[in-house]
Amino acid sequence: PGWLLSHEGRQHRDALLYRGRRRLFGLLERPALPPALATATVAYKLFVSGRSGVGKTALVATLAGAAVPRAHHETLGTRGLRGRRHWPTRRTRHPPPSRTGIQATSVYWAAKLRAGRPVLFRLDLWD
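Just so we're aligned: the sequence shown equals residues 7 to 133 in this note's numbering.
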């Protein structure tokens with residue numbers, strides 16, 4: 007935590023924030039750092055799985071700095087597609103939920119390792 011409060015760490019942290027909150031990045035985006043602060047990026051893919059309603063989506067939203075959904079809406083994954091031969095048509099009574107399927111969120115964290123230069127960690131969270 008001490009490094010993030012230093013001048014060098016503050017510059018990395020500011021590239022990850024927007025108006026004081028964690029900036030949301032798409033899968034093809036990355037933080038824009040000045041050339042003098044160019045750092046190596048280490049990427050990890052984390053697949054979050056578990057029973058329905060335990061807070062997987064809320065955990066990913068919290069880590070990404072996004073708003074945590076107040077109401078529970080089941081994320082339709084491979085289990086919900088089993089046995090379905092086609093997607094609903096216009097004649098279906100209820101339209102499909104707006105957030106269906108596996109959601110991918112990219113989260114960046116800056117850290118300085120003991121051995122030297124700062125590193126930018128990219129976590130691709132799959133929910």
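Note that CB positions come from ideal geometry on N, CA and C, so glycine has one too.
query, result
"Assign Y50 to one of two classes, buried (16 or more other C-beta atoms within 10 Å of its C-beta) or exposed (fewer than that).", "exposed"
"Only counting the same chain, and skipping five residues up and downstream in sequence, which positions put a Cβ closer than 7 Å to that of R90?", "The predicted model places R90 with a pLDDT of 43, which falls under 50 and marks its position as unreliable; any figure quoted below should be read in that light. Excluding residues within five positions, none has a Cβ falling inside 7 Å."
"Using the C-alpha atoms, what's the distance from P41 back to G71?", "26 Å"
"Is T45 helix, strand or coil when you go by DSSP?", "coil"
"Round the Cβ separation of R19 and L30 to the nearest angstrom and send it over; I've been treating them as touching at under 8 Å.", "That pair is no contact at about 16 Å."
"Using the C-alpha atoms, what's the distance from G32 back to Q17?", "21 Å"
"Taking C-alpha atoms, which residue in W132, S12, R36, R27 lies nearest to G107?", "W132"
"What number of angstroms, rounded off, separates the C-alpha of G61 from the C-alpha of P75?", "10 Å"
"Here's the rule I'm using: 16 or more other beta-carbon atoms within 10 Å means buried, otherwise exposed. How should L23 be labelled?", "exposed"
"Would you report the Cα separation of A46 and A67, rounded to the nearest angstrom?", "25 Å"
"Of the choices E80, E14, G8, R28, whose alpha-carbon is the least far from that of T111?", "R28"
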